[in-house]
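The structure appears below as structure tokens.
Protein chains: 2
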Amino acid sequence: MAVDLEFAPKTKRPAGEPCCEPVVYPDVAREQAERIATIAKALGDPIRLQLVDVLRKHAGKVCVCELVPLFDLSQPTVSHHLKKLREAGIVGSERRGLWAYYYVIPESLEEFSAWLS
Amino acid sequence: MAVDLEFAPKTKRPAGEPCCEPVVYPDVAREQAERIATIAKALGDPIRLQLVDVLRKHAGKVCVCELVPLFDLSQPTVSHHLKKLREAGIVGSERRGLWAYYYVIPESLEEFSAWLS
DNA sequence: CCTATGTATTGACAAACGTGATTTCAATAG
DNA sequence: CTATTGAAATCACGTTTGTCAATACATAGG
Numbered sequence: 001m002a003v004d005l006e007f008a009p010k011t012k013r014p015a016g017e018p019c020c021e022p023v024v025y026p027d028v029a030r031e032q033a034e035r036i037a038t039i040a041k042a043l044g045d046p047i048r049l050q051l052v053d054v055l056r057k058h059a060g061k062v063c064v065c066e067l068v069p070l071f072d073l074s075q076p077t078v079s080h081h082l083k084k085l086r087e088a089g090i091v092g093s094e095r096r097g098l099w100a101y102y103y104v105i106p107e108s109l110e111e112f113s114a115w116l117s
Numbered sequence: 001m002a003v004d005l006e007f008a009p010k011t012k013r014p015a016g017e018p019c020c021e022p023v024v025y026p027d028v029a030r031e032q033a034e035r036i037a038t039i040a041k042a043l044g045d046p047i048r049l050q051l052v053d054v055l056r057k058h059a060g061k062v063c064v065c066e067l068v069p070l071f072d073l074s075q076p077t078v079s080h081h082l083k084k085l086r087e088a089g090i091v092g093s094e095r096r097g098l099w100a101y102y103y104v105i106p107e108s109l110e111e112f113s114a115w116l117s
């Protein structure tokens, strides 16, 4: 948060003198940045973004067998992307018999959404 | 957008019969997903997220010489991250004499922000 | 048991990524 | 001109990523 940087027009300095005082970056901001960046990274692939998009538009849970034909990708690749989203905490999954159903965990996107606004 | 997926409890099918009708995924959604994923990918690194965070908190432009000491990174590495952000269209830069000033392009985050909300 | 089916994991490989050391470029001061 | 300084580009490196083929795992039906 409150990193207090001053913006002032600069002129060349007498050489040896540092350009500006080093600013301490609060650790809390770093941790938050890491959390948010983890979410952003998981969303940083078009396939995964579309997966989340589809899952979000269905309030309920969607079967993997419905997700795979949406993309021109092999089933293992889709499964890999779903795993990434799971590891990032963006989606959850549930097995029902042979089928696996995925759903978005809405709270996982809240901090990111708040930061972005 | 409107991908019409039905969610229905599944039972084992007679083998050979597909699990569900393939759904056509609209190209417009794909292009939007690619645009948004590009932004997300650029934000998917803690350093870059903090850079954007700092720049956003300063409505004006911030000198690179003020950004480098915020991180325990070499100047070329910070410059590299700034380049990534520039390539994603998230930030712009301006040279004023020896110094380079960076600023956030707010509109670049709008589509992402809207999608996320 | 055995077979079939949906999903996940493993292995492999090229491409991209994050980083630092070094170098190059641009602009200012003398 | 030369020397100096801030920033970007280049090179090198180990790591991670996205993808598929092949395999393994889990569950259901016979």
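Chain order of the listed sequences is A and B.
Residue numbers for the first sequence follow my numbering, so the first one is 1 and each next one is one higher.
Residue numbers for the second sequence follow my numbering, so the first one is 1 and each next one is one higher.
Glycine is no exception: its CB is placed at the ideal position from the N, C-alpha and C atoms.
Query raised in the report: Which residue from A:A37, A:D27, A:A42 and A:K57 puts its Cα closest to that of Y103 (chain A)?
Result: A:K57
Requested in this report: Compare the C-beta of P76 (chain B) with all C-beta atoms of chain A and state if any pair is closer than 9 Å.
Outcome: no
Query raised in the report: K84 (chain B) to I90 (chain B), Cα distance in whole Å?
Result: 9 Å
Query raised in the report: Out of A:A33, A:V54, A:G97 and A:Q50, which has the shortest C-alpha to C-alpha gap to G44 (chain B)?
Result: A:A33
Report task. Would you verify that the beta carbon of K12 (chain A) is, or is not, closer than 9 Å to some beta carbon of chain B? Result -> Residue placement at K12 (chain A) cannot be trusted, given a pLDDT of 42 that sits under 50; the coordinates are not used to answer.
Query raised in the report: Does DSSP put A88 (chain A) in a helix, in a strand, or in coil?
Result: coil
Requested in this report: Kindly list, in the order they appear in chain B, the residues whose Cβ is closer than 7 Å to that of G44 (chain A).
Outcome: A37, A40, K41 and G44
Query - Of the residues A:E111, A:R86, A:I47 and A:A42, the one placed nearest E31 (chain B), counting alpha carbons only - result: A:I47
**Report entry** 6 Å CB neighbourhood of T38 (chain A) in its chain, flanking five on each side removed
**Finding:** A88
Query raised in the report: Which chain A residues are close to E34 (chain B), counting only those with a beta carbon under 7 Å from its beta carbon?
Result: P46
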